[in-house]
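These notes concern the structure reproduced below.
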Amino acid sequence: MNVVTRFAPSPTGFMHVGGVRTALYAWLFARKHGGRFILRIEDTDKEREVAGSIPHIIESLHWLGITWDEGIDKGGPHAPYLQSERLDLYHTYAKNLLAAGHAYPDPYTESELEALREKAAAEKRPFLFRDFRPAVTEPWDGTKPLRFKAPRIARYAWTDLARGHLGAGEEAIDDFILIKSDGYPTYNFAHIVDDIEMGVTHVMRGEEFISSTPKFLSLYEALGKTPPAFVTMPVILGPDGKKKLSKRDGAKDILDYRADGYLPEAMLNYLALLGWNPGTDQEFFSPEELMHAFDLDRIQVSGASFDEIKLRSINQHWMRQLSTVDFISRGNLSAPETGKLEKIVPLLKERAQTFSEAREMLAGEFSCFFTAPSLEHPKLVVKEPSSRPGMTLSALEGLLEPLTSLPEDVSAEVVKNTLMPLADAEEAKGKGGRGAVLWPLRYALSGQERSPDPFTLISILGRDESLSRIRKAIGILGE
Ligand code: GLU
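In our numbering, the protein residues as written are -3 to 475.
Here is the structure:
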């Protein structure tokens, strides 16, 4: 089978994780089967349109590396891909339905409709357009809504590739509007015309469309076309696994994740697993691996909880895969000295789960690598046992000579092998122990109560800068 899928967002605001996941599944499925993936914009509801949405959608997909074979901005055999530029096509389909007796212009004015509604309410039955079809179908001049003459089918049944067998009773459908009085088609109508014209074979979309599926099926029937396969996405729940994901929980603009320092490959990896499982324990998937592993059978039915902790750990995994140079450039990291920054990258890989955290670390605790700290006397001696006054001063002085004997550029391991025996010796001398040496050393080098270990600090700062910082501390202690 020649698979064709599409992502068909309405330009009604920013892209969030739900929309991206729909696009991702449709894209992965097309790629897996060597098919085509289309990007179509459904802008028939002009009132809900939000300016700037289309470039935003395109930018989001570009960032994520989700590529389309045809679509808006790109063209293709079914251009244009903006529904508002395809009105003639919908009108042609509408006229054919009208001619075949499957549609009628809605003859009622607002006040006539109101009267009919009241009548139905008085009779205690639901108001249905199909109960008030006009006896004669007037010609359609385009100023009235065009309604579909819904067939009376007792039971609708269909198979959803993710949900299995689904069904609905005849109450599921009334005579719905195909073309509105403003000349624009409804979503119900336009997307079906487009899916037919574009040869779409699999439609991935959210749960909210299940209740409309009987409408879609009736339309396909009236048009004499076979419906595509329907694939319903699981709903995305908040971290509590109960409510639908809210903006606070992560349903934010997908580009905010970019600003927050998430990698697109991590977003794809995480979102793929948000409602689909590979059937193995594998947790990390590159986009290429996803294309191979993805299938429709393992899309889950129940809601999927958005778990930011998991997203962060997947992001850290992909950050750690980057070479030092890529880590710096993709993370938009900058520092006064590139050479030092390269040495700091392993520390960032260990500690940061997003690039914004890495940037914060560079501006915060790691700024000591670039600017000598100002030191406070009390903090230098905080670990000094009261029984050994002056111990910190002599311990730091004792480090100078062995440190001077080291090369300027030295590994943390060598520094540790050189200095640790001195700390051990202090420990042997009495109360205080290693910490009473290593703490003031670390503080003298970093000016911070929390920082990487002193050996790592020295290996990054270099011998001379480290010596100068230790001497400064010695000076303060001697005052
Ligand atoms: N334009 C619809 C939406 O954004 C798309 C639904 C569909 O994929 O058919 O919700």
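We put the beta carbon where it would ideally sit given N, CA and C, even for glycine.
Cutoff 7 angstroms; reference residue i; Cβ partners in own chain excluding five residues on either side
{"i": "I62", "result": "A19, L20, W23"}
{"i": "P283", "result": "G61, E261, L264"}
{"i": "T139", "result": "S177"}
{"i": "G15", "result": "P5"}
{"i": "S447", "result": "E361, C364, R438, L453"}
{"i": "G443", "result": "C364, P369, S370, L371"}
{"i": "G67", "result": "I34, L35, R36, Y77"}
Rounded straight-line distance, which links the Cα of residue j to that of residue i
{"i": "P101", "j": "T276", "result": "55 angstroms"}
{"i": "K248", "j": "D236", "result": "17 angstroms"}
{"i": "L402", "j": "A419", "result": "17 angstroms"}
{"i": "I502", "j": "V132", "result": "Absent from the structure is residue 502, since the part of the chain shown begins at -3 and ends at 475."}
{"i": "L270", "j": "K176", "result": "37 angstroms"}
{"i": "F323", "j": "M315", "result": "7 angstroms"}
{"i": "V231", "j": "H161", "result": "18 angstroms"}
{"i": "H198", "j": "E409", "result": "57 angstroms"}
{"i": "L286", "j": "P274", "result": "9 angstroms"}
{"i": "I250", "j": "K243", "result": "11 angstroms"}
{"i": "E445", "j": "Y439", "result": "6 angstroms"}
{"i": "A168", "j": "P223", "result": "18 angstroms"}
{"i": "N311", "j": "S352", "result": "12 angstroms"}
{"i": "I295", "j": "M229", "result": "7 angstroms"}
beta-carbon residue i near the ligand GLU non-hydrogen atom, thresh 6 angstroms
{"i": "P230", "result": "no"}
{"i": "P5", "result": "yes"}
{"i": "H288", "result": "no"}
{"i": "H161", "result": "no"}
{"i": "E203", "result": "no"}
{"i": "E38", "result": "yes"}
{"i": "H187", "result": "yes"}
Which residues DSSP lists as bridging residue i, in chain order
{"i": "H198", "result": "T1, A225"}
{"i": "H161", "result": "T155"}
{"i": "Y100", "result": "R143"}
{"i": "K240", "result": "L233"}
{"i": "W272", "result": "I295"}
{"i": "L35", "result": "F3, G67"}
{"i": "L78", "result": "I37"}
{"i": "A300", "result": "I232"}
Residues near residue i by beta carbon distance below 6 angstroms, same chain, minus five either side
{"i": "F290", "result": "L24, K28"}
Nearest to residue i (by Cα), restricted to the options the options
{"i": "P141", "options": "G160, V377, T105", "result": "T105"}
{"i": "R467", "options": "M287, T155, L389, S107", "result": "L389"}
{"i": "G30", "options": "M(-3), K345, W59", "result": "M(-3)"}
{"i": "A225", "options": "V0, A90, L473", "result": "V0"}
{"i": "L233", "options": "S301, S6, G246, F351", "result": "S301"}
{"i": "L473", "options": "I456, L415, T414, V378", "result": "V378"}
{"i": "L78", "options": "N413, I37, E279, P210", "result": "I37"}
{"i": "F484", "options": "H313, V196, D171", "result": "Given that the chain is displayed from residue -3 to residue 475, the structure contains no residue 484 and the question cannot be resolved."}
{"i": "S383", "options": "P417, N413, K427, A368", "result": "K427"}
{"i": "K42", "options": "R121, P7, E55", "result": "P7"}
{"i": "G429", "options": "H52, E380, S462, L463", "result": "E380"}
{"i": "D69", "options": "D84, I53, W59", "result": "I53"}
{"i": "K211", "options": "Y89, Y183, E193, D460", "result": "Y183"}
{"i": "E393", "options": "G471, I456, S407, P450", "result": "G471"}
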